[in-house]
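One structure below.
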Amino acid sequence: MAALAPKCVGKWGAAAQGVDVVSWRSWRWDAVGQAGVLEIRIRARDNNGSYALCLLHEGKVLHYRIDKDKTGKLSIPEGKKFDTLWQASPSRGSRPESTVSFNPYEPDRVPWAADRGPQIEAMPMDTEVYESPYADPEEIRPKEVYLDRNLLTLEDKELGSGNFGTVKKGYYQMKKVVKTVAVKILKNEANDPALKDELLAEANVMQQLDNPYIVRMIGICEAESWMLVMEMAELGPLNKYLQQNRHVKDKNIIELVHQVSMGMKYLEECNFVHRDLAARNVLLVTQHYAKISDFGLSKALRADENYYKAQTHGKWPVKWYAPECINYYKFSSKSDVWSFGVLMWEAFSYGQKPYRGMKGSEVTTMLEKGERMGCPPGCPREMYDLMNLCWTYE
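Below, the structure is given as structure tokens:
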């Protein structure tokens, strides 16, 4: 038995439908408005990332090419760039009175959205393209992963702490500019080789990743303590930010979890499982720009593997885990999708803790009975339906 994305599909495009649908090879929208029915079909044209967009309206057919640039942005030639295909749909901006819904399908898979429940309305999203504040690859990716301690300045104030040690704000002198950084500092007094190994393992994972929605590593510094130097996300963890800013609108929250889904889609494509996806590990660069962090539990899968099996039970965040993680120690992109559903629940409950007042064993029993957390107050029904799709288990 395992956690499943809808109809046994454990891919991020399926799990994050309504948030991110890029990974589907083919799908359609039907936009119904006062002017009639506008049918939109999109399919992959070739292997270089381009798509064909076909519009059928009142018997007229129009064809467009959508290209993907080196940063992953999509656009019609010479047009505005977007993060996802559905953002680029002409019906969104030109038909404000329309209700745009989508029905994802793949030729070799069951078109599940067509035979279960209502179609999900595509939620509004700010389509502003947020360029990474660390866009220069030469600056971000030094040839040597080990940094010069003399180029790193630390502030006294702690941003956070944990079993490993502390996180402090700092400044690192790079080739061209001084960058504000977050520095994870290993406990010096612990003298525990296991902590060092964990820090280096996390650095090894982060060194292999390069995505706008994942916190980038600047490098490692070996000095008075071992230090992991990362790019800074000034607003801090998503859960704490939402606890303190309950005025944030649903549209903004959807935008942020959409970005998380794109970062997780990238992780899956790179054959990594995160194993600790939670709102506390999503950091905000701005109110509209989220990045996934904390890869201490992450594992790389071989090309012939689709899951990681732990040998023993560890200090795990079980309330974010799918049942097979707890029962069989198995972790995969599917179990990350389950965690994404819990993260969504946290976000739409403005940083509340999931399964409040329950022990881990009680949560496991609840899930095995087929019970799930209720809809957060004020959460759009479409988003709660998506959470439940992430929590599918057979």
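Numbered according to full-length UniProt numbering, the sequence shown terminates at residue 394, and the numbering increases by one at each position without gaps.
Ideal Cβ positions, reconstructed from N, Cα and C, are used throughout, including at glycine.
In this text the structure is predicted, and so the values were computed from the model without any measurement.
With a contact defined as Cβ atoms closer than 8 Å, Y213 and M174 miss out at about 22 Å.
Residue range 217–222 is occupied by the beta strand (DSSP E) that includes M217.
The segment 305–320 and the segment 265–277 touch, with three or more beta-carbon pairs separated by less than 8 Å. Assignment of alpha helix (DSSP H) within the segment 342–385, counting only whole runs of 4 or more residues, yields 360–368 in chain order.
Counting other Cβ atoms within 10 Å of its Cβ, T392 reaches 16 or more and is therefore classed as buried. For the set K315, W338, Q352, Y308, the Cα lying nearest the Cα of Y328 is the one of Y308.
Cα atoms of H247 and A203: separation of roughly 36 Å, rounded to the nearest angstrom.
The Cβ-Cβ distance between P354 and V337 does not fall below 7 Å.
Contact between the segment 182–202 and the segment 220–234 is present: three or more C-beta pairs spanning the two stretches fall below 8 Å. The residue from R356, V282, V215, D148 with its alpha-carbon nearest to that of L242 is V282. Contact holds between the segment 283–301 and the segment 253–260, because three or more Cβ pairs, one in each stretch, are under 8 Å apart.
Cβ contact annotation for L151 (same chain, cutoff 7 Å, sequence separation greater than five): Y172, Q173, in chain order.
Our two residues, T312 and K330, have alpha carbons roughly 11 Å apart in a direct line. Annotation: K359 to T365 spans about 10 Å, alpha carbon to alpha carbon. E368 and E324 have their C-alpha atoms some 11 Å from each other.
Residues of the same chain with a CB within less than 8 Å of the CB of V167, apart from the 5 flanking positions on each side, are E158, L159, G160, S161, A182, V183, K184, I185 in chain order.
Annotation: Y146 is outside any beta strand (DSSP E) and is labelled neither H nor E by DSSP. In this model, C270 and E198 are separated by some 20 Å (Cα to Cα). Per DSSP, Q173 is one residue of the beta strand (DSSP E) stretching across 165–173.
Here P212 carries a coil assignment [DSSP, helix/strand/coil]. The beta strand (DSSP E) runs of length 3 or more contained entirely in the segment 223–290 are, from start to end of the chain, 226–231, 282–286. With 16 or more neighbouring CB atoms inside 10 Å of its own CB, P237 falls in the buried class. Note on K334: 16 or more other CB atoms within 10 angstroms of its CB, so buried under the neighbour-count rule.
An exposed status is given to K315, since fewer than 16 other beta-carbon atoms sit within 10 Å of its beta-carbon.
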